[in-house]
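143 is the number of the first residue of the sequence shown in my numbering; add one for each residue after it.
We put the beta carbon where it would ideally sit given N, CA and C, even for glycine.
Note that this is a predicted model, so its numbers are computed, not measured.
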Amino acid sequence: MASYRLLNYAGVAGEPRPGILVGDSVVDLEGAGIAGSTYELLQNWGENDPLLSALADDAAAQGSRPLADVKLLAPILYPPVVYNAAANYVDHQKEMSGGKQLVKEDTHPYFFLKAGPHCVIGPEADIRLPAVSDFIDWEAELAVVIGKPARNVKAKDALDYIAGYTIFNDLSARDMKPVGRTFNVHWFAHKNFDGSGPMGPWMVPASDIPDPHDIDIKLWVNDELKQDSNSKYLFFNINEQIEYISARMTMRPGDVIATGTPSGVGAPYGGRLKPGDTVTIEIGGIGRLVNPVVQGD
């Protein structure tokens with residue numbers, strides 16, 4: 143069957159329209175007789191993935207438009223939950239802690255949540271720097287999209303619950319610290335602000351990523367390469383992350399896991415985004431996510 147990418151794009155009036163990318167052409171799903179948003183399609187992914195693959199085989203007969211002529215939106219517009227793995231690459235642990243490294247046997251996966259409907263924006267959408275922070279930092283991450291309900295999943299079975307993969311930028315307000323509190327991390331303010339989760343440019347079906355634990359991850363700010371790593375260096379791998387989360391919460395189709403960022407973020411040396419910058423993330427087998435930076439309110 144032909145390879146495809148699941149996406150959303152803006153229609154004539156700006157409305158989101160689900161589609162698939164086949165080669166360099168976008169096929170509109172509604173026009174091809176397939177109803178539902180990308181999120182709705184994920185609710186029955188076991189049946190819809192083969193249906194979309196068959197459509198990709200027949201893409202030429204369905205009519206399409208060039209990718210260059212459409213404005214892409216986030217592949218899942220309003221994911222209910224984005225689970226974010228914290229300190230999940232050894233080199234990132236070291237750069238954020240003055241050289242300290244966790245001992246895997248003595249710890250467990252560590253997550254925080256992002257409010258998907260408020261945080262997620264798509265490719266080429268503006269990163270709007272919030273007025274409450276002067277220190278917005280970048281974090282390139284491989285993201286997992288869940289494709290069926292996952293509860294008490296064993297690590298060995300975890301990849302069977304994945305619909306696909308995409309790119310996520312876990313933007314972080316490094317200067318959002320608790321005031322007058324004993325806790326030293328303010329996860330809500332640090333990680334949740336409007337547009338703090340650029341995602342895209344599309345979702346690659348899991349069948350097209352045979353080994354998610356050997357994928358190159360790169361991030362540039364303007365033309366300067368900041369992050370350059372590979373998912374094989376994940377501290378807790380994707381299987382272990384799904385096992386840990388699903389033992390505590392039932393994951394639903396359309397939920398997203400941002401699996402962690404490698405070293406190269408701005409925090410250790412004061413690097414931060416400023417209006418006029420452009421952030422580009424490239425992940426092997428998926429593509430590029432590009433977002434300009436502007437001043438917000």
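For residue i, the three-state DSSP class (helix, strand or coil)
i    : result
P158 : strand
E247 : helix
S206 : coil
I359 : strand
N372 : strand
N230 : coil
I384 : helix
L215 : strand
D268 : coil
D170 : strand
Y220 : coil
D276 : coil
M109 : Lying before the first or after the last residue shown, residue 109 is absent from the chain, which here runs from 143 to 439.
M238 : helix
Run of the alpha helix (DSSP H) containing residue i, from where it starts to where it stops
i    : result
Q437 : No alpha helix (DSSP H) contains Q437, which is instead part of the beta strand (DSSP E) from G429 to Q437.
D199 : W187 to D199
Y181 : T180 to L184
G377 : According to the sequence shown, residue 377 is Phe rather than Gly. Where F377 is concerned, there is no enclosing alpha helix (DSSP H), given that its DSSP letter is neither H nor E.
A409 : That residue, A409, is in no alpha helix (DSSP H); it is neither H nor E in DSSP.
K416 : Where K416 is concerned, there is no enclosing alpha helix (DSSP H), given that its DSSP letter is neither H nor E.
F330 : W329 to K333
Enclosing beta strand (DSSP E) for residue i [first to last residue]
i    : result
V398 : V398 to A400
I423 : T420 to I425
N150 : R147 to A152
G342 : G339 to P347
E283 : A282 to I288
L255 : F253 to K256
Residue i Cβ short of 7 Å to the ligand PLP heavy atom set
i    : result
E281 : Among the components of this structure there are no ligands whatsoever, and the ligand PLP is therefore not found.
Of the residues the options, the one placed nearest residue i, counting alpha carbons only
i    : options                   : result
E157 : R147, Y146, N326 and D170 : D170
V274 : P259, S239, G306 and M318 : M318
M341 : N364, N226, P352 and N311 : N311
A177 : L193, G438 and P417       : L193
P347 : T308, G413 and T420       : T308
A267 : A292, Y151, G427 and T392 : Y151
F277 : L183, R316 and R270       : R316
H332 : S314, Q369 and D200       : S314
I357 : S195, K213 and T401       : T401
G264 : G413, P343 and D336       : P343
V223 : I288, D166 and L284       : I288
I218 : G240, I162 and L209       : I162
A155 : V212, S167 and D199       : V212
P438 : G418, L431 and I428       : A quick correction: the sequence has Gly, not Pro, at residue 438. It is G418 whose Cα lies nearest to the Cα of G438.
L215 : A174, V168, N190 and N186 : V168
Y146 : E283, D199, H260 and N186 : D199
G153 : G173, N372 and G165       : G173
G339 : A300, N186 and A285       : A285
R207 : N364, D299 and V164       : V164
Supposed contact pair residue j and residue i - C-beta distance, whole angstroms, cut 8 Å
i    : j    : result
T233 : A409 : The amino acid at residue 233 is misidentified as Thr; the sequence shows Asp. D233 to A409, Cβ: 13 Å. No contact.
P291 : R394 : 6 Å
G306 : L148 : 7 Å
K246 : Q235 : At roughly 11 Å, the Cβ-Cβ gap does not stay under 8 Å, so K246 and Q235 are not in contact.
K250 : Y411 : The question names Lys, but residue 250 is His in the sequence shown. So it is not a contact: roughly 30 Å between Cβ atoms.
F377 : N230 : 5 Å
P221 : V398 : 5 Å
N334 : K256 : 6 Å
A282 : T403 : 6 Å
A475 : A144 : In this structure the chain extends from 143 to 439, so residue 475 is not present and cannot be described.
V295 : L361 : The Cβ separation is near 30 Å, so there is no contact.
D353 : R270 : Going by Cβ atoms, the distance from D353 to R270 rounds to 36 Å, so no, they are not a contact pair.
CB contact check: residue i to chain D, cutoff 8 Å
i    : result
F377 : Reference to chain D is not applicable here, since this structure consists of a single protein chain.
Requested in this report: At 3 residues or longer, and completely inside the segment 292-327: list those beta strand (DSSP E) runs for me, N to C.
Outcome: 304-311
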